[in-house]
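**Student:** My numbering applies: residue 3 is where the sequence shown begins, and numbers increase by one.
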Amino acid sequence: MGTRRTSLPGVGAQYDFTTETGQHISVVVHHDGRRFIG
């Protein structure tokens with residue numbers, strides 16, 4: 003499984019994951035603590 007973190011200025015950070023089966027998951031973590039999974 004691979005992981006990558008990308009800074010999102012003014013928003014927070016995006017974390018991208020690739021599972022062992024090749025699926026892609028992204029999580030956006032806002033500065034105020036909100037999270038979005040896509």
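From the three backbone atoms N, C-alpha and C, an ideal C-beta is built for every residue, glycine too.
(1) On the DSSP bridge assignment, give the partners of R7 in chain order.
(2) Find the nearest neighbour of R7 within the set F38, T21, V30 and I39, judged by alpha-carbon distance.
(3) Along the beta strand (DSSP E) that carries H26, what are the first and last residues, could you check?
(4) So the candidates are M3, G12 and T21; which of them puts its Cα closest to the Cα of D34?
(5) How many Å lie between I27 and Y17 at the Cα?
**Tutor:** Taking the coordinates as given:
(1) Its beta-bridge partners are Y17.
(2) Minimum Cα distance to R7 is reached at V30.
(3) H26 -> beta strand (DSSP E) spans H26 to H32.
(4) Of the residues M3, G12 and T21, the one whose Cα lies closest to the Cα of D34 is G12.
(5) Whole-angstrom Cα-Cα distance: 8 Å.
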